[in-house]
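UniProt numbering numbers the first residue of the sequence shown as 1 and each following residue consecutively.
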Amino acid sequence: VVLIVARLEEKQKRISLALKIWKAIENDQKLADWSLKIVGHGQMNQWYHQLAAEYGLKRVAFEGMQNPEPYYEKAAVFMMTSSYEGFPMTLLESMQKGCVPLAFNTFESISDLITDEQNGFIIPEMDFETYIKQLKRVMYNDELRQTMAVQAIENSRRFSIENVTQQWMKLFHEVLADKKPE
């Protein structure tokens with residue numbers, strides 16, 4: 001399973017690009033066992049359904065607004081096609097569950113989460129050919145996918161509650177230690 005968890009709106013999330021990419025996947029008979037699940041809801045919901053039908057996509061399921069946790073657990077790959085993000089929590093959540101992420105290089109924090117070719121793929125903006133190539137690569141190659149999944153989990157641990165809490169506590173101690181009495 002390939003997964004998208006996003007608000008269904010075009011300006012930022014650009015799910016239409018994911019559907020365009022998925023069309024190439026569905027045309028590859030070697031990948032006939034794979035499906036795309038899209039979790040989320042938004043203003044463009046009906047339009048995305050129509051676009052999927054227009055493209056003739058048979059292995060796309062629009063799941064609506066759901067708790068994404070069980071979807072992360074069943075998915076192997078996570079797609080992101082956003083035009084911009086701050087710190088994309090869905091990307092981090094997917095990596096915590098061992099999904100191999102692919103995302104366009106459209107936001108600064110991407111390199112904090114994905115190390116290209118190690119725990120996911122950073123795709124040049126609007127480079128559909130590379131996106132499709134890397135998506136197929138990770139779908140074809142079980143060993144690569146499993147290795148990258150382990151790396152994704154390992155890298156995501158940097159953002160665990162325990163690690164982030166320790167970093168905040170260290171910062172507070174440093175700030176308070178530097179404070180001089182008035």
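A virtual CB, placed ideally from N, CA and C, is assigned to each residue, including glycine.
CB-CB length for residue i against residue j, believed under 8 Å
i                 : j             : result
phenylalanine 107 : tyrosine 131  : Contact doesn't hold; Cβ gap of about 16 Å is too wide.
isoleucine 4      : methionine 79 : 5 Å
tyrosine 48       : leucine 8     : 6 Å
threonine 81      : arginine 14   : 5 Å
Straight-line Cα distance separating residue j from residue i
i              : j                : result
glycine 21     : proline 101      : The question names glycine, yet the displayed sequence has isoleucine at residue 21. Each residue's alpha carbon lies about 14 Å from the other.
residue 186    : methionine 65    : With the chain covering 1 to 182 only, the question about residue 186 has no answer from this structure.
glutamate 93   : leucine 176      : 33 Å
arginine 59    : leucine 36       : 6 Å
asparagine 67  : alanine 6        : 12 Å
methionine 126 : glutamine 12     : 14 Å
alanine 52     : leucine 19       : 7 Å
glutamate 174  : isoleucine 110   : 28 Å
glutamate 129  : glutamate 162    : 39 Å
glutamate 117  : asparagine 141   : 13 Å
aspartate 112  : phenylalanine 62 : 29 Å
Boundaries (first-last residue) of the beta strand (DSSP E) holding residue i
i             : result
isoleucine 38 : 36-39
Continuous alpha helix (DSSP H) stretch holding residue i: start and end
i           : result
leucine 92  : 89-96
leucine 144 : 142-156
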